[in-house]
Amino acid sequence: MPPAAAGGPIRHVYGVAAVRGNRRSDAGRGPGGMAPWTRTRPTANEGTSVTAATILLLHSTYGLRPAVHTAADRLRAAGHEVHVPDLFDGRTAETMEEGLRLREEIGRDELLRRAVTAAAPYSEAGLVYAGFSLGGAIAQNLALGDERARGLLLLHGTSDVADDAATHIPVQLHVADPDPFEPDDWLNAWYLRMRKAGADVEVHRYRGAGHLYTDPELPDYDAEADKRTWAIALDFLQDV
Numbered sequence: 100m101p102p103a104a105a106g107g108p109i110r111h112v113y114g115v116a117a118v119r120g121n122r123r124s125d126a127g128r129g130p131g132g133m134a135p136w137t138r139t140r141p142t143a144n145e146g147t148s149v150t151a152a153t154i155l156l157l158h159s160t161y162g163l164r165p166a167v168h169t170a171a172d173r174l175r176a177a178g179h180e181v182h183v184p185d186l187f188d189g190r191t192a193e194t195m196e197e198g199l200r201l202r203e204e205i206g207r208d209e210l211l212r213r214a215v216t217a218a219a220p221y222s223e224a225g226l227v228y229a230g231f232s233l234g235g236a237i238a239q240n241l242a243l244g245d246e247r248a249r250g251l252l253l254l255h256g257t258s259d260v261a262d263d264a265a266t267h268i269p270v271q272l273h274v275a276d277p278d279p280f281e282p283d284d285w286l287n288a289w290y291l292r293m294r295k296a297g298a299d300v301e302v303h304r305y306r307g308a309g310h311l312y313t314d315p316e317l318p319d320y321d322a323e324a325d326k327r328t329w330a331i332a333l334d335f336l337q338d339v
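The sequence shown maps to residues 100 to 339 in the numbering used here.
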């Protein structure tokens with residue numbers, strides 16, 4: 100973990116903490132003035148359109164559970180192209196402890212290799228990387244290593260940020276408050292390091308929710324936090 104950040108904690112707004120960097124609304128964000136997305140989806144207003152993203156969505160330590168497919172379907176319904184690799188090769192966990200054992204059995208390097216392999220067919224056009232908990236940590240590593248990445252959507256998880264990291268992408272993080280796996284000092288340091296790397300960062304925190312609060316089959320589930328998370332995330336994805 101990085102050292103604790105200097106300064107106060109992330110501020111809270113009506114039960115959801117929100118910290119924003121200087122997000123830009125331009126779709127052509129990127130080095131060298133990269134062009135906006137070329138695929139578009141129609142809106143209810145005739146003659147207008149919003150950009151559609153190609154998203155790599157990575158599952159948590161629990162494996163490729165129904166909630167991940169539900170999330171992918173939600174994103175597809177919004178017009179996005181979504182790819183959901185199975186990093187555990189069909190295995191799932193019933194408990195966090197079982198999932199952690201699976202993660203250690205496969206190994207972090209192998210999980211990262213599988214994720215890179217899954218991203219490769221789509222990365223040329225520019226991916227939005229997204230993930231749940233462990234999947235978020237892996238997604239962050241892929242996004243920071245991909246100069247064509249268009250954005251990063253993190254749900255319940257982050258990873259360390261190298262001192263020499265550099266990126267142009269917009270980043271949005273959704274995390275419980277408190278979250279035993281994402282303590283405040285870690286999140287404060289993570290936020291500052293991502294901003295130093297050049298990312299446009301938003302952090303949204305959900306007071307009283309469990310760690311994986313977007314999965315309705317887990318004890319962590321919080322319906323209101325889940326609803327608010329996806330409303331904010333879908334809006335974010337329209338701008339990347």
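Even for Gly, the Cβ is constructed at its ideal location relative to N, Cα and C.
Please list the segments of the alpha helix (DSSP H) lying wholly inside the stretch 199-247, counting only runs of 4 or more residues, in order along the chain. 207-218 and 233-243
Cα-Cα separation, VAL270 to PHE280: Within the sequence shown, the letter at position 171 stands for residue 270. Within the sequence shown, the letter at position 181 stands for residue 280. Computed Cα separation, rounded: 19 Å.
On a CA-only basis, which of GLY309, TRP289 and ALA214 is nearest PRO318? Give me that one, please. As a working note, residue 318 is residue 219 in the sequence shown. PRO318 has its Cα closest to that of GLY309, out of GLY309, TRP289 and ALA214.
So the beta strand (DSSP E) ASP299 belongs to, where does it begin and stop? Stepping through the sequence shown from its first residue, residue 299 is reached at position 200. 299-306 is the span of the beta strand (DSSP E), which, as asked, contains ASP299.
For the beta strand (DSSP E) containing HIS273, list its first residue and its last residue. Within the sequence shown, the letter at position 174 stands for residue 273. That run of the beta strand (DSSP E) goes 269-276.
Considering HIS168, what are the terminal residues of the alpha helix (DSSP H) in which it resides? For the purposes of this step, residue 168 is identified with residue 69 of the sequence shown, where counting begins at 1. 165-176 is the span of the alpha helix (DSSP H), which, as asked, contains HIS168.
Tell me whether GLY206 is buried or exposed, calling it buried when 16 or more other Cβ atoms sit within 10 Å of its Cβ. By one-based count along the sequence shown, residue 206 stands at place 107. That one is exposed.
Whole angstroms is fine: what's the gap from ALA170's alpha carbon to LEU186's? As a working note, residue 170 is residue 71 in the sequence shown. As a working note, residue 186 is residue 87 in the sequence shown. Roughly 17 Å between the two C-alpha positions.
Under 9 Å between C-beta atoms of LEU226 and ILE331: Locating residue 226 in the sequence shown gives position 127, counting from the first residue. Locating residue 331 in the sequence shown gives position 232, counting from the first residue. No, the pair does not count as a contact, with Cβ atoms beyond the cut-off.
For THR194, report the span of its alpha helix (DSSP H) as first-last. Taking the first residue of the sequence shown as position 1, residue 194 is located at position 95. Where THR194 is concerned, there is no enclosing alpha helix (DSSP H), given that its DSSP letter is neither H nor E.
9 Å Cβ cutoff met for ALA264 and MET293: As a first step, residue 264 is located in the sequence shown; it is residue number 165 there, counting from the start. As a first step, residue 293 is located in the sequence shown; it is residue number 194 there, counting from the start. The answer is yes: Cβ separation under 9 Å.
Can you tell which of ALA152, ARG327 and GLY297 has its C-alpha closest to the C-alpha of ARG306? Taking the first residue of the sequence shown as 1, we reach residue 306 at position 207. It is ARG327 whose Cα lies nearest to the Cα of ARG306.
Quick one: what's got a C-beta closer than 6 Å to ALA166's C-beta in the same chain, skipping five residues either side? For the purposes of this step, residue 166 is taken as the residue at position 67 of the sequence shown. Contacts found: ASP314.
Let's see if you can read the secondary structure: which residues bound the alpha helix (DSSP H) around LEU336? For the purposes of this step, residue 336 is taken as the residue at position 237 of the sequence shown. Note, LEU336: alpha helix (DSSP H), 322-338.
Three or more C-beta pairs closer than 8 Å, one from the stretch 213-229 and one from the stretch 190-198: is that the case here? no
Classification of PHE335 by the beta-carbon crowding that lies within 10 angstroms, buried from 16 upward: Walking along the sequence shown from the start, residue 335 turns up at place 236. That one is buried.
Please report how far the alpha carbon of GLU301 lies from the alpha carbon of ARG173, in whole angstroms. The count along the sequence shown starts at 1 and reaches residue 301 at position 202. The count along the sequence shown starts at 1 and reaches residue 173 at position 74. Cα-Cα distance, rounded: 21 Å.
Suppose contacts are defined by Cβ-Cβ distances below 9 Å. Is LEU253 in contact with LEU272 by that definition? Working through the sequence shown from its first residue, we reach residue 253 at position 154. Working through the sequence shown from its first residue, we reach residue 272 at position 173. Cβ distance < 9 Å, so LEU253 and LEU272 count as in contact.
Which whole-angstrom value describes the C-beta separation of ALA238 and GLY230, a residue pair presumed to lie in contact below a C-beta threshold of 8 Å? As a working mapping, residue 238 is identified with position 139 in the sequence shown. As a working mapping, residue 230 is identified with position 131 in the sequence shown. At roughly 4 Å, the Cβ-Cβ gap stays under 8 Å, so ALA238 and GLY230 are in contact.
Which same chain residues, not among the five before or five after ALA176, have their C-beta less than 7 Å away from its C-beta? By one-based count along the sequence shown, residue 176 stands at place 77. There are no such residues.
Determine the extent of the alpha helix (DSSP H) in which LEU286 is found, giving its start and end residues. Here residue 286 refers to the residue found at position 187 when the sequence shown is read from its first residue. From DSSP, the alpha helix (DSSP H) with LEU286 extends over 283-296.
For LEU155, which three-state DSSP category applies? Counting from 1 along the sequence shown, the entry for residue 155 is found at position 56. LEU155 falls in the strand class under three-state DSSP.
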